[in-house]
Amino acid sequence: MQTTIIRHKGRLPGLDHLRAAAIIMVFFYHYGRLFPSPSWISTVSEFGWTGVDLFFVLSGYLIAYELFGQVKEQGTISFKRFFIKRAFRILPAYLLVTGIYFLFPVTHERGTLAPLYKYLTFIQNIGLDILHQSTFSHAWSLCIEEQFYLVLPIILYTLNRFRLWKKSVLLVVAVFIAGILVRTMAWKYVFSLPKDQIGKWYEFIYYPTYSRLDGLLAGVSIAAFGTFKPDLVVKVLTYKSYILLCAGIVLLAAYFICTDQTSFSASVWGFPLVAAGYAFCVFYNLQVPQRKDGLLSKVLQQIAELSYAIYLTHKIVIHLTQQILSQTGIIADSNAMVLLCIGVSVITAYIVNRCVERPFLQVRKHFWPNL
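See below:
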């Protein structure tokens, strides 16, 4: 089977497959941990928390690839183009769901919401008290991505403006080392506390931006090689089986290290290991098979297209679906309820995608057709 690496303007099927895998992992992880569910869900989704890390690697790659493309083709970065595209892609559905959470308390799956300003300024992940502010808590990863979208163009513009690209490797290494050092200090602080160590572990280690930069940086690094060293990428991709093997080995190591997620080794080394494993997966999928997509591929691409809407709404949907249908005699932790929650989640995401996401993208295309 022949494959090719392309300068892609649209979506790559392989990356869509990874995006679909990421949302499936997150969905079942939350279902098993937060809601009544069959015992098998908690077992198979034990590593599902890393789905957000896969999203981070994908986001790092795709966003950086776009920005590097501007640098390579135009010699600079258009902030207007970048931020308009991001705003119309991210904000409409996000603001809709945020509004629903704040206007309709019945949607609160558990606990309370963080203050509204934290959602509107995308800093909800900072100082998040998960033991109490657990409703719409999954917005934390979106906040990190928005912070990334704000900072990355400025950094790349500066590197390009002052011809500091050779220093970029040192910057990546410095951020990586800083993340390890900060998590080390945070872990020692958290477990020196007499109580509430789990809540503080989430607040100071799991949710902060510095714990998730590894995945974003991995994606940015892959994008840099794909843009500026395409011949090297093509050469490396001739060893695809070894890339896949490396992904498996690294993720397996991460799985065992993170068995006790709050341990020192998991807190300090787990995040970069997970990021590295998923970086291999992303790199592996940079080649596009020159063949028509099969049924499974098409299904996964549809899930990928709905992944953002699913991520935003899945906890509301599971919560309300279980509440309503359990009154009809369907057992909350039954397999039938799982299937119904999946179906309602997909339908809800489809409605959000067609009625909110796509119309706003059409508005953007109408006013800024050349973006």
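In the working numbering, each residue's number is its place in the sequence shown (first place is 1) plus 23. Here a beta-carbon is modelled for each residue, glycine too, at the ideal position from N, C-alpha and C.
Any idea if residue i is buried or exposed, counting beta-carbon neighbours within 10 angstroms, 16 or more meaning buried?
{"i": "residue 344", "result": "buried"}
{"i": "residue 316", "result": "exposed"}
{"i": "residue 122", "result": "exposed"}
{"i": "residue 376", "result": "buried"}
{"i": "residue 48", "result": "buried"}
{"i": "residue 115", "result": "buried"}
{"i": "residue 392", "result": "exposed"}
{"i": "residue 192", "result": "exposed"}
{"i": "residue 98", "result": "exposed"}
{"i": "residue 34", "result": "exposed"}
{"i": "residue 346", "result": "exposed"}
{"i": "residue 186", "result": "exposed"}
{"i": "residue 352", "result": "exposed"}
{"i": "residue 390", "result": "exposed"}
{"i": "residue 254", "result": "exposed"}
{"i": "residue 358", "result": "exposed"}
{"i": "residue 62", "result": "exposed"}
{"i": "residue 322", "result": "exposed"}
{"i": "residue 197", "result": "exposed"}
{"i": "residue 188", "result": "exposed"}
{"i": "residue 329", "result": "buried"}
Could you check how far apart the C-beta atoms of residue i and residue j are, in whole angstroms? I think they sit under 8 Å.
{"i": "residue 335", "j": "residue 120", "result": "4 Å"}
{"i": "residue 246", "j": "residue 307", "result": "No, residue 246 and residue 307 are not in contact; Cβ-Cβ is about 15 Å, not under 8 Å."}
{"i": "residue 309", "j": "residue 268", "result": "Actually they do not touch by this definition, with Cβ atoms about 17 Å apart."}
{"i": "residue 305", "j": "residue 38", "result": "7 Å"}
{"i": "residue 110", "j": "residue 326", "result": "The pair is not a contact, with the Cβ atoms about 25 Å apart (cut-off 8 Å)."}
{"i": "residue 180", "j": "residue 100", "result": "5 Å"}
{"i": "residue 387", "j": "residue 107", "result": "7 Å"}
{"i": "residue 40", "j": "residue 320", "result": "7 Å"}
{"i": "residue 139", "j": "residue 125", "result": "6 Å"}
{"i": "residue 175", "j": "residue 87", "result": "7 Å"}
{"i": "residue 249", "j": "residue 256", "result": "5 Å"}
Measuring CA to CA, which of the options is closest to residue i?
{"i": "residue 210", "options": "291, 346, 67", "result": "291"}
{"i": "residue 276", "options": "263, 295, 285, 258", "result": "295"}
{"i": "residue 287", "options": "257, 205, 243, 332", "result": "205"}
{"i": "residue 144", "options": "126, 168, 341, 133", "result": "168"}
{"i": "residue 166", "options": "118, 104, 186, 98", "result": "118"}
{"i": "residue 72", "options": "185, 186, 178, 282", "result": "282"}
{"i": "residue 60", "options": "367, 387, 355", "result": "355"}
{"i": "residue 201", "options": "189, 240, 321", "result": "240"}
{"i": "residue 363", "options": "381, 34, 352, 341", "result": "341"}
{"i": "residue 51", "options": "293, 302, 162, 338", "result": "338"}
{"i": "residue 81", "options": "66, 302, 148", "result": "302"}
{"i": "residue 368", "options": "332, 359, 382", "result": "332"}
{"i": "residue 272", "options": "298, 46, 173, 250", "result": "298"}
{"i": "residue 96", "options": "319, 183, 128", "result": "183"}
{"i": "residue 361", "options": "65, 164, 140", "result": "65"}
{"i": "residue 84", "options": "142, 236, 198", "result": "236"}
{"i": "residue 36", "options": "318, 348, 349", "result": "318"}
{"i": "residue 207", "options": "153, 293, 264", "result": "293"}
{"i": "residue 45", "options": "324, 378, 129, 94", "result": "324"}
{"i": "residue 220", "options": "154, 102, 300", "result": "154"}
With DSSP as the reference, label residue i as helix, strand or coil.
{"i": "residue 284", "result": "coil"}
{"i": "residue 385", "result": "helix"}
{"i": "residue 27", "result": "Any reading at residue 27 is ruled out, since the residue's pLDDT is 46, under 50, leaving its predicted position unreliable."}
{"i": "residue 324", "result": "helix"}
{"i": "residue 147", "result": "coil"}
{"i": "residue 350", "result": "coil"}
{"i": "residue 310", "result": "strand"}
{"i": "residue 153", "result": "coil"}
{"i": "residue 185", "result": "coil"}
{"i": "residue 137", "result": "coil"}
{"i": "residue 375", "result": "helix"}
{"i": "residue 380", "result": "helix"}
{"i": "residue 207", "result": "helix"}
{"i": "residue 393", "result": "coil"}
{"i": "residue 316", "result": "coil"}
{"i": "residue 62", "result": "helix"}
{"i": "residue 98", "result": "coil"}
{"i": "residue 132", "result": "coil"}
{"i": "residue 217", "result": "coil"}
{"i": "residue 223", "result": "helix"}
{"i": "residue 81", "result": "helix"}
{"i": "residue 250", "result": "helix"}
{"i": "residue 331", "result": "helix"}
{"i": "residue 161", "result": "coil"}
{"i": "residue 199", "result": "helix"}
{"i": "residue 118", "result": "helix"}
For a cutoff of 8 Å on Cβ pairs, would you count residue i as touching chain B?
{"i": "residue 181", "result": "Structure shown: chain B not included; a single protein chain is present."}
Just to check, is the beta-carbon of residue i closer than 7 Å to a non-hydrogen atom of the ligand MG?
{"i": "residue 162", "result": "Of ligands this structure carries none, so the ligand MG is not represented either."}
| Is it a yes or a no for the segment 366-377 touching the segment 70-84, going by three-plus beta-carbon pairs under 8 Å? | no
| query | Should the segment 210-220 be regarded as contacting the segment 53-66, the criterion being three or more beta carbon pairs within less than 8 Å? | reply | No, the segment 210-220 does not touch the segment 53-66.
| message | Measuring CB atoms only, is the segment 129-146 touching the segment 156-164, in the sense that at least three cross pairs come out at less than 8 Å? | response | Contact check between the segment 129-146 and the segment 156-164: three or more CB pairs, one atom from each, fall below 8 Å, which counts as touching.
| task | Report yes or no: do the segment 63-70 and the segment 220-227 share at least 3 C-beta pairs separated by less than 8 Å? | result | no
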